[in-house]
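Report on the structure given below.
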Amino acid sequence: MVCLWLPGGPCVAAVVLTLMVLSPPMALVRDPRPRFLQQVKSECRFSSGMERVRYLQRHIYNQEEHLRFDSCVGRYQAVTELGRIQAEYWNSQKGFLEQKRAKVDTFCRFNSAIVEILTVQQRAEPKVTVYPTKTQPLDHHNLLVCSVSGFYPGHIEVRWFRNGQEEKTGVVSTGLIRNGDWTFQTLVMLETVPQSGEVYTCQVEHPSLTSPATVEWRAQSTSAQNKMLSGVGGFVLGLLFLGLGLFIYFRNQKGKEPGEGQDSTAFQGRSMALFSGCHWLCEL
């Protein structure tokens with residue numbers, strides 16, 4: 001027993017107590033005793049579906065296996081001298097040994113249906129996107145990327161096509177990449193020189209899909225891309241003008257009495273003018 005004598009009275013006691021609280025835990029408690037680890041691992045190994053099932057129970061002491069039960073053998077086996085006495089004792093217990101032999105059915109086959117539902121039968125459809133690594137003019141070397149992500153299981157086939165013909169040269173893959181949530185992703189790249197009018201297709205086959213998923217990328221010149229962007233911008237701008245016109249019209253009509261009447265001809269004229277403006281913008 002250790003006694004603490006504090007000659008300074010309560011003040012000194014308070015200081016000592018504060019220091020003890022603020023000190024690291026390892027400074028207060030030091031346990032020099034060695035650590036020992038005893039593990040028991042049960043394994044089920046399946047082959048040819050459910051035709052062949054093997055049950056293993058492994059006893060491990062300080063990272064060294066010393067005792068094992070194998071359903072193919074039907075009894076305990078001493079892996080090291082440490083497990084010899086325990087193996088002899090358990091092998092002499094006929095009822096206990098029969099329970100271990102029955103683990104093939106009561107443990108492995110019984111739980112296999114649940115495990116299969118949670119793992120083997122799980123499906124997650126892949127998300128496919130295609131894009132070039134560089135935004136440069138045509139007739140220059142470029143790298144087209146087919147990004148496939150979020151799929152499970154990991155078995156997948158990704159192929160590149162140019163104008164309907166499969167491309168096998170210049171194809172590079174990153175292989176399967178684990179996302180950490182059981183799903184996978186992969187990048188399959190095609191090195192090519194895009195020509196105007198060519199159509200590149202990334203085709204993905206996966207167990208979760210009833211038919212292959214395809215995503216196209218069309219090689220377009222800079223002028224064609226500018227025209228397309230102008231058309232889209234004009235269409236959106238026309239819709240904005242149309243919505244603004246309808247909003248103003250209905251707001252003006254909201255305060256009118258039923259007997260005042262409405263000028264449908266004027267409304268039709270405004271609508272036609274707005275639609276004409278939208279059509280003119282889309283022609284840009």
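Under the UniProt record's numbering, the residue at position 272 of the sequence shown is numbered 272, and the numbers go up by one with no gaps.
The beta-carbon is built from N, C-alpha and C at its ideal position, and this holds for glycine as well.
Since the model is a prediction, treat every value here as computed from it, not as a measurement.
Assigned with DSSP and collapsed to three states, residue 113 falls in helix. Nearest to residue 45 by alpha-carbon distance, out of 54, 38, 101 and 37, is 54. Contact between residue 91 and residue 97 holds: their C-beta atoms lie close to 6 Å from each other, under 8 Å. In the DSSP assignment, residue 60 falls within the unbroken beta strand (DSSP E) covering 52 to 61. Taking C-beta atoms as the reference points, residue 204 and residue 216 fail to come closer than 8 Å. Note that the C-beta distance between residue 57 and residue 47 is not below 8 Å. DSSP places residue 160 in the strand class (E or B) of the three-state scheme. Sequence-distant Cβ neighbours of residue 100 in its own chain, meaning closer than 6 Å and more than five residues away, are 69. In this structure, the beta-carbon distance from residue 158 to residue 148 falls below 8 Å.
For residue 72, the secondary structure class from DSSP, reduced to helix, strand or coil, is coil. Of all alpha-carbon atoms in 49, 52 and 64, the one lying nearest the alpha-carbon of residue 37 is that of 64. Just measuring C-alpha positions, the residue of 146, 49, 72 and 84 sitting nearest residue 59 is 84. Taking the Cα of residue 163 as reference, the smallest distance to any Cα among 182, 106, 218 and 235 is reached at 218. For the pair residue 142 and residue 133, the CB atoms are nearer than the 8 Å cut-off.
Residue 176 holds the alpha-carbon nearest to the alpha-carbon of residue 185 among 193, 176 and 192. Assignment of residue 166 by DSSP, reduced to helix, strand and coil, places it in the strand class.
Here residue 106 carries a helix assignment [DSSP, helix/strand/coil]. With fewer than 16 other CB atoms across the displayed protein chains lying within 10 angstroms of its CB, residue 250 is exposed. Look at residue 134 here: in three-state DSSP terms it is coil, with no helix or strand label.
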